[in-house]
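Reading through the structure tokens given below for one structure.
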Amino acid sequence: MDGLRSLGLACLMLLALGAGAGSALAYTAYVSNEKGNSISVVDTDAMKVIATIPTGQRPRGIETSKDGKLVYVAAGDDDTIQIIDAATLKVVGKLPSGEDPEQFAIDPAGGFLYVSNENDAKLTIIDLATRERVGQVAVGIEPEGVAVSPDSRIVVCTSETTSMAHFIDVEKRKVVGNLLLGARPRSAAFKADGSELWVTSEVGGGLSIVDPVARKAKQVVKFTIPGLRAEAIQPVGINLTRDGKFGFVHLGPANRVAVVDGTSHEVLKYLLVGQRVWHGAFTPDEKYLLVANGLSNDISVIDVAAQKVIKSIQVGEMPWGIAIAPAPGGEH
Amino acid sequence: MRLMVLVSVVAVGWSGVCLGDASLELKIGYLWAKPVKIRVSLLDVPADNDGLAGAQLAIDDNTTTGQFLNQSFAVVDRELGADGDPAAAVKALADQGVGVIVASLDADRLLAVADAAKARGQFVLNAAATDERLREQDCRGNVIHVAPSRTMLADALAQYLAWKKWGKWLLVVGSHDKDRLFADALRLSATRFGAKIVAEREFKDTGGARRTDSGLVDVQRQMPSLTQGAPEHDVVVAADESEVFAGYLPYRTSEPRPVAGSAGLVPVTWNAAFDQWGAIQLQNRFGAKFHRAMSALDMQAWTAVRMVGEASVRAGTADTAALLAYVKGPDFSVAAFKGQKLTLRDWNLQLRQPILLFDGRNTVSVSPQEGYLHQYSTLDTLGTDRPSTKCKLN
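Protein chains in written order, with the numbering used here: chain C, 4 to 335; chain G, 87 to 480.
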């Protein structure tokens, strides 16, 4: 009996692998676990955790290098950004992030990393080739979200207590514009064509659609969910599809991801996910969006085309951020 | 769309006021009286700049924001001595160009300040007084209450005790007026949230010293006898704002029961261990500047000054009347590290806010507790709600 059952299981697994082989590339998702001091490594074909990497204290912001070979994770309480080799899953270096790094962004060209230092109201610029700090720019109080324009020339940094988005000219390394937004602006994201900048206001409860050239807000999208009090709706992370047609906005303790029309900015749908959803990432083929649920210790997998949550995967303690890259070793 | 309009107003409003004249800054008065320094625990003795430090940090925070909009802020601090004349202090602040006053004063002096300020077109943010009457029969149209009321604090505690199903309270009350006022609030909260006060005891302050050498021996005998022989109870709730005895209750009650209220589990607006919702950032900023822990009064003063900063940035004005109108208006809110925006109750100008329950080391919980619902805001499950108010704003 037992033998038969395991044979059956083996067949199922083979089938599953066969289905996975349909996609040309395998992807790996790296999930930072804020309380677990670890990264859960998720195979996005098998949709399960395949490894856990111990990190420094309080890992939050997480990105991969453009080639997917390195994973950068901000260990806030250790005042550093750790560098992890995606092939060996070992910490291989660190970046001089300045104090208490949380969110950061890498420019599309892949040369520089921009990290906000919440404690001392600064944005630190790091040259990824030399792994050295090449500059710091003074911004508002409690800088948080960082986004780089598609042409790599402007960095936007939001400051939470100042309630502004600061526009920083990369070449001059100085603030060239400031825009007052709803309370506690948290995350910023550019459309891939650079036509719009989206900024969430965690306490204000809205999503500002900003014209990044004029540096003016042209619209504030509000979220209302029947049966949920307004204070529970706290927009945090943003993921925009490459074609700019859809934005996914993570609503924190509302336990929902809002699907926003990229053109009309109407809220199309609210997807129920796990508890206190923070940040997310698309698989490179944009088939799936994975989001981290801080209080339910899992990630939700969203089928992007169907706009449906199809699965949740248990990860480490208090997952916060996700980065996804082609799996090291590449194709099946 | 509204935001865009707002931003352009900011630009116009402040450029009109500020450009070409750097001396036109928004001055915020901080009017305060020396706190009593005699406390049960040395750890609770307030710093000389208790409250003022919070106001100063908020000025820094306002200024960092203001620099991007050509705004500047300053605090004008004025201590009101024991026999100081509140009206004279208000006049002195007015003479220095202060239109907005943050006050850390008792109820009587706060009202005197408010009335003097009204005559001069100034408004007041009450950062310290928790008296119910200031929000009810003695409310004023030019006084905004940043400090929570006693009923808000008592309700925050009562909701948590109800959640714990600690429904039988032994209430121990001090003999000073403010102890009795807190006891009134606790009795009301017990009724609202279904707790039963099984017995009440009074601790008479006979005027002795709080702390004496080898006083511990005496206290160890005193507290059990104060609490012995009471009907069965789940928790000992103390009302001792004067800090005469409550600090001595934990571990010394006749029955092995937890203590709450003025000692043990205490409802507060802030504590130095609080780190949720980004609060660690504020704790770090405060520690770096003042090299001490941030108190609840510091936080209340910080919030008051930030409210003025927020109004001036959002409404794009430094004009006192316009600031007051904006703060009282429907668009006003302030972020103060409590996990949600804080707004004003329009019927009595009380700031809605979650209340922390602090055990002396850590935050045990934050009220309102889950499950206490409200048709407008769950924060209105704390304190006197609109239908019960006696306030008529003028």
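Cβ atoms here follow ideal geometry from the backbone N, Cα and C, with glycine treated the same way.
| Query | Result |
| --- | --- |
| Look up residue 324 of chain C in the DSSP assignment and say whether it is helix, strand or coil. | strand |
| Ignore the nearest five residues each way along the sequence and tell me which others in residue 84 of chain C's own chain have a CB closer than 6 Å to its CB. | 75, 77, 98, 100 and 104 |
| Give the residues of chain G in contact with residue 143 of chain C, contact being defined as C-beta atoms less than 8 Å apart. | 150, 151 and 154 |
| Please check the pair residue 241 of chain C and residue 252 of chain C, which I expect to be a contact at CB under 8 Å, by giving their CB distance rounded to whole angstroms. | 5 Å |
| Looking only at its chain, what residues have a beta carbon closer than 8 Å to the beta carbon of residue 197 of chain C, apart from the 5 residues adjacent to it on each side? | 152, 153, 154 and 215 |
| Quick one: list the residues of chain C neighbouring residue 160 of chain G, beta-carbon separation under 7 Å, in chain order. | Within 7 Å Cβ-Cβ: nothing; residue 160 of chain G doesn't reach chain C, min ~17 Å. |
| Give the C-beta separation of residue 87 of chain C and residue 56 of chain C to the nearest angstrom, bearing in mind that I take them to be a contact with Cβ-Cβ under 8 Å. | 6 Å |
| List the residues of chain C that residue 364 of chain G touches, going by C-beta distances under 7 Å, in chain order. | 145 and 163 |
| Near residue 129 of chain C, what residues of its chain come up, given a Cβ to Cβ distance below 6 Å and the 5 sequence neighbours on each side ignored? | 98, 116 and 136 |
| Along the chain, where does the beta strand (DSSP E) that runs through residue 85 of chain C open and close? | 83 to 88 |
| Between residue 296 of chain G and the rest of its own chain, which residues show a CB-CB distance below 8 Å, the 5 nearest in sequence each way excluded? | 124, 125, 126, 329 and 330 |
| If we count the other Cβ atoms within 10 Å of its Cβ and call it buried at 16 or more, is residue 337 of chain G buried or exposed? | exposed |
| For residue 185 of chain G, which residues of its own chain have a beta-carbon under 6 Å away from its beta-carbon, when the five flanking residues on both sides are left out? | 208 and 406 |
| Could you check the C-alpha separation between residue 291 of chain G and residue 326 of chain G for me, to the nearest Å? | 10 Å |
| Cβ of residue 242 of chain C less than 8 Å from any chain G Cβ? | no |
| Give me the Cα-Cα distance between residue 272 of chain G and residue 272 of chain C, rounded to the nearest whole angstrom. | 45 Å |
| With the cut-off set at 8 Å, would you say residue 163 of chain G and residue 467 of chain G are in Cβ contact? | no |
| For the beta strand (DSSP E) containing residue 444 of chain G, list its first residue and its last residue. | 441 to 444 |
| Three-state secondary structure (DSSP) at residue 121 of chain C? | helix |
| Run through chain G and tell me which residues come within less than 8 Å of residue 167 of chain C, C-beta to C-beta. | 151 and 154 |
| Between residue 290 of chain G and chain C, is there a C-beta pair that is closer than 8 Å? | no |
| Kindly give me the distance between the Cβ atoms of residue 317 of chain G and residue 339 of chain G, rounded to whole angstroms, as I take these residues to be in contact under 8 Å. | That pair is no contact at about 14 Å. |
| Using three-state DSSP, classify residue 188 of chain C as helix, strand or coil. | strand |
| Using alpha carbons as the reference points, say which of C:194, C:218 and C:301 lies closest to residue 179 of chain C. | C:218 |
| Assuming residue 191 of chain C and residue 202 of chain C make a contact with CB atoms under 8 Å, what is their CB distance in whole Å? | 5 Å |
| Classify residue 207 of chain C as helix, strand or coil using the three-state DSSP reduction. | coil |
| What residue range is occupied by the uninterrupted alpha helix (DSSP H) comprising residue 396 of chain G? | 382 to 401 |
| Going by DSSP, name the residue or residues bridged to residue 92 of chain C. | Answer is none; residue 92 of chain C lacks a bridge partner. |
| Under 8 Å Cβ-Cβ, which residues of chain C neighbour residue 427 of chain G? | 186, 206, 207, 208 and 234 |
| For residue 199 of chain G versus residue 112 of chain G, is the C-beta spacing smaller than 8 Å? | no |
| Where does the unbroken beta strand (DSSP E) through residue 260 of chain G begin, and where does it stop? | 254 to 260 |
| Measure from the alpha carbon of residue 430 of chain G to the alpha carbon of each residue in G:415, G:441 and G:194, then state which is nearest. | G:415 |
| Among G:262, G:252, G:293 and G:298, which residue has its Cα nearest to the Cα of residue 281 of chain G? | G:252 |
| Could you check whether the Cβ of residue 496 of chain G sits closer than 8 Å to any Cβ belonging to chain C? | The structure shown does not extend to residue 496 of chain G, since chain G is modelled only from 87 through 480, so no value can be given for it. |
| Return the bridge partner residues of residue 268 of chain G from the DSSP annotation. | DSSP output for residue 268 of chain G lists no bridge partner at all. |
| Look at the alpha carbon of residue 87 of chain G and the alpha carbon of residue 225 of chain C, and state the distance between them as a whole number of angstroms. | A caution first: residue 87 of chain G carries a pLDDT of 40, below 50, which makes its placement in the model too unreliable to give a value. |
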